[in-house]
């Protein structure tokens, strides 16, 4: 299955870069049929990347303050708001962008998985994640890699 992994985030805002960091570690594994792209873009700008893949895995940060930093969440598109006017740190949300791409006839992946990593700090300038998040990256990489290798979407416990 032709898979695209998109690591999304801002590489100069500490924990906001965690999606990029995780994607970069997965890229080093050179998994077959898997392309990895790290990007600071989001929303409508992501459409140019996702066209033509069967499976899309998005890895990004989330700040709910309900779980410990480094907690991995599995989200569905339906879990993301549906408003094109809602303000997000990366522009319009991915659900709106995917919907627009489908309406425009783009070949959007049928399987879309979103993995969000709980973060602590997304406002401090810095090129490394906080220690609380950084220490969890190897385990997150292992978990997502297992899911990728299973070649089918999984639900986290």
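Residue numbers (the working numbering): 89 to 245.
Just so you know, even glycine gets a beta-carbon here, dropped at the ideal spot from N, CA and C.
Note that the structure is a prediction, hence the values are computed from the model and not measured.
- For residue 122, the enclosing beta strand (DSSP E) stretches over residues 122-127.
- Cβ neighbours of residue 209 within its own chain (closer than 7 Å, five residues either side excluded): 102, 103 and 218.
- Here the alpha carbons of residue 225 and residue 109 stand approximately 8 Å from one another.
- The three-state secondary structure of residue 162, taken from DSSP, is strand.
- Secondary structure note for residue 214: it is in no beta strand (DSSP E), with a DSSP letter that is neither H nor E.
- If you ignore the 5 residues before and after residue 148, its C-beta comes within less than 6 Å of the C-beta of 96, 107 and 204, all in its own chain and listed in chain order.
- When rounded, the separation of the alpha-carbon atoms in residue 134 and residue 198 is 15 Å.
- In the structure shown, the three-state DSSP call for residue 196 is coil.
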